[in-house]
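First the structure, in the form of structure tokens, and then the observations on it.
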Amino acid sequence: MEGEQAERRCSFCNKHQGQVQRLLAGSRGVLICDECVMVSSQAIGEERSEGAASDSKPRRHRRFWER
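Take 20 as the starting number for the sequence shown in this note's numbering and just add one per residue.
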């Protein structure tokens, strides 16, 4: 079981569990780290404050996750 925990990574940025403060499990084995949650939350907040979703925003934030 311990080896299984050591291999857990964020499904978005691929950071290892030891590289982030928190790793949350979703359905079907999807994991998201606290950093990706923060980036996602900021992106959603920006879109809401602009009144409409922009096509360029997902691409801009995707670059963060592709590091």
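Heads up, the beta-carbon is just placed ideally off N, CA and C, and yes, glycines get one too.
(request) Report yes if the CB atom of C29 is closer than 8 Å to the CB atom of I63, and no otherwise. (result) no
(message) What would DSSP say about R28, mapped onto helix, strand or coil?
(response) strand
(message) For E66 and S59, what's the separation of their Cα atoms in angstroms?
(response) 11 Å
(request) Answer with buried or exposed for V49, where buried requires no fewer than 16 other C-beta atoms within 10 angstroms of its C-beta. (result) exposed
(request) Mind checking who I51 pairs with in its DSSP beta bridge? (result) L43
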